[in-house]
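J.:
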Amino acid sequence: MTQTLTQNQFESAPDLSYKPFHARNIRSRALTFLVAFFAFIAVIPLILVLGYILVQGSSKISLALLTQLPPPPGLEEGGIGNAIIGTLVVTAVAALIAVPVGVGGGVFLAEYSRSGWFAQFIRFGTNVLAGVPSIIAGVFIYGTIVTSRILFGSAYSAVAGGMALAVLMLPTVIKTTDEGLKLVPEDLRRAALGVGASRFVTVLRITLPAALTPIATGVVLGIARAAGETAPLIFTALFSQFWSDVLTPDGIFNSIATLSVLIYNFAIEPYEFHNELAWAASFVLVVLILALNLFSRWLAGVAAK
Amino acid sequence: MSDPDSRYLLRSRTPAEKLVDISFRYIAIAMASVVAIVLFSILLVVFLGSLDSMARYGWQFLVTSDWNPVDDQYGAGAAIYGTLITSLLALIIAVPMGVGAAIFITENIIPRQIRNVIGLMVELLAAIPSVVLGVWAIFVMEPFIRPGLELLYELFYWFPLFSTPPMGPGTIPAVLILVVMILPIITAISRDCLNQVPTELRQAAYGVGTTRWGAIINVILPAAISGIIGGVMLALGRAMGETMAVTMIIGNSNNFNVSLLAPGNTIAAMLANQFGEADGSQVSSLMYAAFVLIVLTLCVNIFARWIVKRLSLKY
Numbered sequence: 003m004t005q006t007l008t009q010n011q012f013e014s015a016p017d018l019s020y021k022p023f024h025a026r027n028i029r030s031r032a033l034t035f036l037v038a039f040f041a042f043i044a045v046i047p048l049i050l051v052l053g054y055i056l057v058q059g060s061s062k063i064s065l066a067l068l069t070q071l072p073p074p075p076g077l078e079e080g081g082i083g084n085a086i087i088g089t090l091v092v093t094a095v096a097a098l099i100a101v102p103v104g105v106g107g108g109v110f111l112a113e114y115s116r117s118g119w120f121a122q123f124i125r126f127g128t129n130v131l132a133g134v135p136s137i138i139a140g141v142f143i144y145g146t147i148v149t150s151r152i153l154f155g156s157a158y159s160a161v162a163g164g165m166a167l168a169v170l171m172l173p174t175v176i177k178t179t180d181e182g183l184k185l186v187p188e189d190l191r192r193a194a195l196g197v198g199a200s201r202f203v204t205v206l207r208i209t210l211p212a213a214l215t216p217i218a219t220g221v222v223l224g225i226a227r228a229a230g231e232t233a234p235l236i237f238t239a240l241f242s243q244f245w246s247d248v249l250t251p252d253g254i255f256n257s258i259a260t261l262s263v264l265i266y267n268f269a270i271e272p273y274e275f276h277n278e279l280a281w282a283a284s285f286v287l288v289v290l291i292l293a294l295n296l297f298s299r300w301l302a303g304v305a306a307k
Numbered sequence: 005m006s007d008p009d010s011r012y013l014l015r016s017r018t019p020a021e022k023l024v025d026i027s028f029r030y031i032a033i034a035m036a037s038v039v040a041i042v043l044f045s046i047l048l049v050v051f052l053g054s055l056d057s058m059a060r061y062g063w064q065f066l067v068t069s070d071w072n073p074v075d076d077q078y079g080a081g082a083a084i085y086g087t088l089i090t091s092l093l094a095l096i097i098a099v100p101m102g103v104g105a106a107i108f109i110t111e112n113i114i115p116r117q118i119r120n121v122i123g124l125m126v127e128l129l130a131a132i133p134s135v136v137l138g139v140w141a142i143f144v145m146e147p148f149i150r151p152g153l154e155l156l157y158e159l160f161y162w163f164p165l166f167s168t169p170p171m172g173p174g175t176i177p178a179v180l181i182l183v184v185m186i187l188p189i190i191t192a193i194s195r196d197c198l199n200q201v202p203t204e205l206r207q208a209a210y211g212v213g214t215t216r217w218g219a220i221i222n223v224i225l226p227a228a229i230s231g232i233i234g235g236v237m238l239a240l241g242r243a244m245g246e247t248m249a250v251t252m253i254i255g256n257s258n259n260f261n262v263s264l265l266a267p268g269n270t271i272a273a274m275l276a277n278q279f280g281e282a283d284g285s286q287v288s289s290l291m292y293a294a295f296v297l298i299v300l301t302l303c304v305n306i307f308a309r310w311i312v313k314r315l316s317l318k319y
């Protein structure tokens, strides 16, 4: 027997219009305002930090500041020139170590052994290494390289600092290479192998170029992170009041000034001019790192097209 | 025309080609092994370095808090307590804010352009080096919050956690700067997890007539919870190992003090401060503390991955 709706049933249907003062609607709006407030608070530190650094730092930037040596305590004239060069050198050493090793490791994970036990183990190790605190990388290089003077008898050196940073860069480079190569279509690989290319040629001429932008993005991000690291450098690269002759072995196998260590040393000193130099160095470092970050985003945007 | 058959001759690779191909494979394996070698060397170096101190102080090292290089008496209790309390407090503050901010920028509350700008700003905040945040904390944040901390002391001085007058560097400023550092991590990971929740789930929830927050609390958050908890654990690991900003603002006191307004210490801050000038049994004790830090962060990180696997909802 079929039932038909009576006039009465139509009228008893609930009122379906939106009731703004119903408890659940009030609660929903309150929670929306709450998370809007949270998002606002999450952004505030960036604005405050960047604002202070731009105001405090940029007002002190001058050619002399960028090209002179830091002064001894108490003197009011000098700059951060050697630290800028030092940061570039130490970061370059780190990239020279971490990029080839990381890309090689990523190639192994993505091209040779995607799911073997050894590859799984290396992936796990990469994640664990990414979680190791940065200060531990410093302790490790101090314990192995600095105290043993294994690098041509040098203790604290730019190379030791670069090695500590490389330990921190390595997981980033491996992961992005692995992920980037996995995105390369399998057809390309089969086509290359099908026309008779060896594994080596396939990787070098076909898959690595196809994955170049994601890998470059990861490398740039890794470099940006390494450039700002301080903890691994305090007792590996140490600090220097002088110019390092970075083109000679003598320069890179000696302690070297870096921006991040300069900021740390000078910010906790009681001398006002040193504090000002710390602000100026913060400005230079933040501009450098934000530029690298925006560059990597641009690279990623290019890759997406 | 050449002989047609020669075009199809099967040519085997020359020995040189084979050698290059095979050695490339082994080079790649060697590069991948570097990760494992570095990881094991880190554990080994720190463990061997701390053997001396382990033998001398044993478990007492973890619970006592004398740190006296003159008398050769070491205990890292205060630093271990400081590491745990600062990172846990920072987590308690940062988790609701980070997840809330992530909901705000994923749930279609505001136009996409504004969401993208907020997302970009949060990611840039994550890129600011910790030493720069430390400078900011010393010169800007700490003087700014000092009156608030003084008020806290005047009102709650009878409560053990607030029982000392604020004198600049201390545990609370360190917790606040840690919040600034881990908030972007939690927001970014939560945002990615929320974005991965299938649109069908959302549509189904709205289709049966729930409000926005009914859908978020009952459907979307449960679907994304494994990834969010994993991200929170990663942030905890980061907070435990965070060195520079904390070193600059926590005060580096080796004495145990339950008050959050007093200067404190963390393992990472202690290493940054003392490792360069230490020798003899102090190095060994610092290595022991570093070993404790490694074990703590390893446990947190491995637990994070386990939880992501375990809690993943199948939908």
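Here the protein sequences come in this chain order: A and B.
For the first sequence, this note's numbering gives the first residue as 3, with consecutive numbering after it.
For the second sequence, this note's numbering gives the first residue as 5, with consecutive numbering after it.
Virtual Cβ for every residue (Gly too), placed ideally from N, Cα, C.
#1: Is there a Cβ of chain B sitting closer than 8 Å to that of P72 of chain A, yes or no?
#2: Using 8 Å as the limit for Cβ to Cβ distance, is I124 of chain A near chain B?
#3: DSSP state of W310 of chain B, grouped into three classes?
#4: In chain B, which residues lie less than 9 Å from G163 of chain A when you measure between Cβ atoms?
#5: Quick check: the Cα distance between I138 of chain A and I298 of chain B, rounded to an integer number of angstroms?
#6: Leaving aside the five residues before and after F295 of chain B along the sequence, list all residues of the same chain whose C-beta is less than 7 Å from its C-beta, in chain order.
#7: Could you check the C-alpha separation between A44 of chain A and A105 of chain B for me, to the nearest Å?
#8: Could you please give the first and the last residue of the uninterrupted alpha helix (DSSP H) stretch that includes L153 of chain B?
#9: What does a CB cutoff of less than 6 Å around L264 of chain B pick up in its chain, not counting 5 residues either side in sequence?
#10: Closer than 8 Å, CB to CB, is V45 of chain A near chain B or not?
#11: Within its chain, find whatever has a CB closer than 7 Å to the CB of Y210 of chain B; leave out the 5 residues flanking it on each side and keep chain order.
#12: Do A162 of chain A and T260 of chain A have their C-beta atoms closer together than 8 Å?
#13: How big is the Cα-Cα spacing for A131 of chain B and S257 of chain A?
#14: Pick from B:I89, B:S57, B:L93, B:A34: whose alpha carbon is nearest that of Y78 of chain B?
#15: Can the beta-carbon of A32 of chain B be found closer than 8 Å to that of F110 of chain A?
#16: Output, in chain order, the set of chain B residues within a Cβ distance shorter than 7 Å of I291 of chain A.
#17: Going by the beta-carbon positions, is the gap between V304 of chain B and M244 of chain B smaller than 8 Å?
#18: How would you label K21 of chain A, buried or exposed, when you count the other beta carbons within 10 angstroms and need 16 or more for buried?
#19: For the stretch 18-30 of chain A, which residues have a beta carbon sitting closer than 8 Å to at least one beta carbon of chain B?
#20: Of all Cβ atoms in chain A, is any one closer than 8 Å to the Cβ of F279 of chain B?
#21: What does the Cβ neighbour count give for P170 of chain B, buried or exposed, with the cut at 16 atoms within 10 Å?
#22: Only counting runs of 4 or more residues, tell me where the alpha helix (DSSP H) segments fall wholly within the stretch 155-212 of chain A, in order along the chain.
#23: Which residues, in chain order, does the stretch 36-60 of chain B contribute to contact with chain A at a C-beta distance below 8 Å?
#24: Any Cβ of chain B within less than 8 Å of the Cβ of L153 of chain A?
#25: Quick test of the definition: if touching needs 3 or more C-beta pairs under 8 Å, does the stretch 90-107 of chain B touch the stretch 31-39 of chain A?
#26: Taking just the CA atoms, how far does V203 of chain A sit from P19 of chain B?
#27: Do three or more CB pairs link the stretch 242-261 of chain B to the stretch 276-290 of chain B at distances below 8 Å?
#28: For the stretch 100-116 of chain B, list every residue whose C-beta sits within 9 Å of some C-beta in chain A, in sequence order.
#29: How is the alpha helix (DSSP H) around L165 of chain B delimited, first residue to last?
#30: Quick one: any contact between the stretch 46-57 of chain A and the stretch 189-207 of chain B, if contact means 3 or more CB pairs under 8 Å?
#31: Looking only at its own chain, which residues have a Cβ that is under 6 Å from the Cβ of I193 of chain B, when we skip the five neighbours before and after it?
#32: Just how far apart, CA to CA, sit M35 of chain B and V105 of chain A?
#33: If L292 of chain A and L128 of chain B are in contact, beta carbons under 8 Å, what's the gap, nearest whole angstrom?
#34: For a cutoff of 8 Å on Cβ pairs, would you count D25 of chain B as touching chain A?
#35: Could you spell out where the alpha helix (DSSP H) holding R60 of chain B opens and where it closes?
#36: For the structure I just gave you, are there three or more beta carbon pairs, one from the stretch 85-97 of chain B and one from the stretch 189-205 of chain A, closer than 8 Å?
T.: According to the structure data:
#1: Within the first sequence, numbered from 1, the residue matching residue 72 of chain A stands at position 70. Chain B, which has no Cβ nearer than 8 Å to the Cβ of P72 of chain A, makes this no.
#2: For the purposes of this step, residue 124 of chain A is identified with residue 122 of the first sequence, where counting begins at 1. Output row for I124 of chain A: interface = yes.
#3: For the purposes of this step, residue 310 of chain B is taken as the residue at position 306 of the second sequence. Of the three classes helix, strand and coil, the one that applies to W310 of chain B here is helix, per DSSP.
#4: Position 161 of the first sequence holds residue 163 of chain A. Around G163 of chain A, no beta-carbon contact reaches into chain B at under 9 Å, the shortest distance being about 13 Å.
#5: Against the first sequence, residue 138 of chain A aligns to sequence position 136. Against the second sequence, residue 298 of chain B aligns to sequence position 294. Each residue's Cα considered, the two are about 8 Å apart.
#6: By 1-based counting over the second sequence, the position of residue 295 of chain B is 291. Only residues of its own chain outside the window of five on either side were considered, and among them V50, F51, S54 have a CB closer than 7 Å to the CB of F295 of chain B, listed in chain order.
#7: Indexing the first sequence from 1 puts residue 44 of chain A at position 42. Indexing the second sequence from 1 puts residue 105 of chain B at position 101. For A44 of chain A and A105 of chain B, the distance between alpha carbons rounds to 7 Å.
#8: Working through the second sequence from its first residue, we reach residue 153 of chain B at position 149. 146-160 is the extent of the alpha helix (DSSP H) around L153 of chain B.
#9: For the purposes of this step, residue 264 of chain B is taken as the residue at position 260 of the second sequence. Only L165, T175, I176 meet the Cβ criterion.
#10: Here residue 45 of chain A corresponds to residue number 43 of the first sequence, with the count starting at 1. Answer yes: the Cβ-Cβ gap between V45 of chain A and chain B drops below 8 Å somewhere.
#11: Sequence index remark: in the second sequence, residue 210 of chain B carries index 206 (1-based). Excluding residues within five positions, the ones whose Cβ falls inside 7 Å are A219.
#12: Your numbering for residue 162 of chain A matches position 160 in the first sequence. Your numbering for residue 260 of chain A matches position 258 in the first sequence. Not a contact, by the Cβ cut-off of 8 Å.
#13: Here residue 131 of chain B is taken as the residue at index 127 of the second sequence, counted from 1. Here residue 257 of chain A is taken as the residue at index 255 of the first sequence, counted from 1. One alpha carbon belongs to A131 of chain B, the other to S257 of chain A, and they sit about 26 Å apart.
#14: Taking the second sequence and counting its residues from 1, one reaches residue 78 of chain B at position 74. Taking only the C-alpha atoms, the option nearest Y78 of chain B is B:S57.
#15: Here residue 32 of chain B refers to the residue found at position 28 of the second sequence. Here residue 110 of chain A refers to the residue found at position 108 of the first sequence. Less than 8 Å separates the beta-carbon of A32 of chain B from that of F110 of chain A.
#16: In the first sequence, counting from the first residue as 1, residue 291 of chain A sits at position 289. Chain-order list of chain B residues neighbouring I291 of chain A: A131, P133, by C-beta distance under 7 Å.
#17: Position 300 of the second sequence, counted from the first residue, corresponds to residue 304 of chain B. Position 240 of the second sequence, counted from the first residue, corresponds to residue 244 of chain B. Contact flag set, yes.
#18: By 1-based counting over the first sequence, the position of residue 21 of chain A is 19. With fewer than 16 Cβ atoms within 10 Å of its Cβ, K21 of chain A is classed as exposed.
#19: Residues passing the 8 Å Cβ filter: R26, N27, R29, S30.
#20: Translated into positions along the second sequence, residue 279 of chain B becomes position 275. So, interface residue.
#21: Sequence index remark: in the second sequence, residue 170 of chain B carries index 166 (1-based). When all chains shown are included, P170 of chain B counts as buried.
#22: Within the stretch 155-212 of chain A, the complete alpha helix (DSSP H) runs of at least 4 residues are 160-184, 188-196.
#23: For the stretch 36-60 of chain B, the residues whose beta carbon sits under 8 Å from a beta carbon of chain A are, in order, A36, S37, V38, V39, A40, V42, L43, S45, I46, V49, V50, G53.
#24: Within the first sequence, the letter at position 151 stands for residue 153 of chain A. So no, L153 of chain A is outside the interface.
#25: Flag = yes, the stretch 90-107 of chain B and the stretch 31-39 of chain A touch.
#26: For this step, residue 19 of chain B is matched to residue 15 along the second sequence. For this step, residue 203 of chain A is matched to residue 201 along the first sequence. Taking the straight line from one Cα to the other gives about 15 Å.
#27: Enough Cβ pairs lie closer than 8 Å, so yes.
#28: Taking 9 Å as the Cβ-Cβ cut-off against chain A, the residues of the stretch 100-116 of chain B that qualify are P100, M101, G102, V103, G104, A105, A106, I107, F108, I109, E111, I113, I114.
#29: One-based indexing of the second sequence puts residue 165 of chain B at position 161. Careful: L165 of chain B lies outside any alpha helix (DSSP H) and carries neither H nor E.
#30: Judged by Cβ distances under 8 Å, the stretch 46-57 of chain A makes no contact with the stretch 189-207 of chain B, as fewer than three pairs qualify.
#31: By one-based count along the second sequence, residue 193 of chain B stands at place 189. Excluding sequence neighbours, I193 of chain B sits near G235.
#32: Your numbering for residue 35 of chain B matches position 31 in the second sequence. Your numbering for residue 105 of chain A matches position 103 in the first sequence. M35 of chain B and V105 of chain A: Cα-Cα distance of roughly 8 Å.
#33: On the first sequence, position 290 is the one that residue 292 of chain A refers to. On the second sequence, position 124 is the one that residue 128 of chain B refers to. Yes, they are in contact, since the Cβ atoms of L292 of chain A and L128 of chain B sit about 6 Å apart, within 8 Å.
#34: Taking the first residue of the second sequence as 1, we reach residue 25 of chain B at position 21. For D25 of chain B, at least one C-beta of chain A is nearer than 8 Å to its own C-beta.
#35: Numbered from 1 along the second sequence, position 56 holds the residue referred to as residue 60 of chain B. Looking at the DSSP string, the run of the alpha helix (DSSP H) that includes R60 of chain B is 19-61.
#36: The stretch 189-205 of chain A and the stretch 85-97 of chain B do not touch, with fewer than three beta-carbon pairs separated by less than 8 Å.
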